[in-house]
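*Asks:*
In this note's numbering, the protein residues as written are 2 to 129.
Following this line, the structure appears as structure tokens:
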């Protein structure tokens with residue numbers, strides 16, 4: 002199972018990082034960064050298979066494909082923002098982590114505005 006491989010990579014990277022953190026803290030951070038990138042790239046490959054599944058379901062459920070694109074972008078933004086924020090926190094830069102989180106939320110809000118607008122228009126049409 003893939004999650005076992007990811008867990009082994011994460012735990013191994015964390016343990017090695019903790020062992021070398023006292024003598025070479027910059028190297029410990031680089032190790033965690035590399036492990037995070039590896040896990041992220043694996044996650045991206047899984048997300049593409051989920052996207053294909055959603056596109057295939059589009060034949061059964063009438064969903065506008067642009068909304069699927071919005072959902073995928075929102076998932077991607079939240080994933081990237083959380084990883085970047087956590088890496089900043091691990092490096093001891095809490096303020097930078099907060100800025101990444103805020104920018105991620107603003108980006109999600111900006112991407113979701115067309116969906117919110119379409120929803121409001123639909124509700125208005127139904128009521129009017």
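Quick reminder that beta carbons are idealized off the backbone N, C-alpha and C, glycines included.
Report, in whole angstroms, the separation of the C-beta atoms of residue 39 and residue 19, which I expect to be a contact under 8 Å.
*Replies:* In fact, because the Cβ distance is near 18 Å, the residues do not count as touching under 8 Å.
*Asks:* Check whether the region 69 to 82 touches the region 106 to 115, counting contact only when three or more Cβ pairs, one atom from each stretch, lie closer than 8 Å.
*Replies:* As far as the Cβ criterion goes, the region 69 to 82 touches the region 106 to 115, which means the pair count is three or higher.
*Asks:* Any contact between the region 32 to 51 and the region 63 to 71? By contact I mean 3 or more CB pairs, one from each, below 8 Å.
*Replies:* Contact between the region 32 to 51 and the region 63 to 71 is absent, because fewer than three Cβ pairs lie under 8 Å.
*Asks:* In chain order, which continuous runs of the alpha helix (DSSP H) of length 4 or greater are located wholly inside the region 64 to 117?
*Replies:* With a minimum length of 4 residues, the continuous alpha helix (DSSP H) runs that stay inside the region 64 to 117 are 66 to 91.
*Asks:* Give the single residue among 25, 2 and 29 whose Cα lies nearest to the Cα of residue 88.
*Replies:* With distances taken between Cα atoms, residue 88 lies closest to 29.
*Asks:* Is it buried or exposed for residue 82, if we count other Cβ within 10 angstroms and need 16 for buried?
*Replies:* Classification for residue 82: buried.
*Asks:* By the three-class DSSP mapping on this structure, what secondary structure does residue 2 have?
*Replies:* Residue 2 falls in the coil class under three-state DSSP.
*Asks:* Roughly how many angstroms separate the alpha carbons of residue 129 and residue 56, rounded to a whole number?
*Replies:* Going by the C-alpha atoms only, they are around 33 Å apart.
*Asks:* Checking 9 Å against the spacing of the C-beta atoms, do residue 52 and residue 69 come in under that value?
*Replies:* A contact, by the Cβ cut-off of 9 Å.
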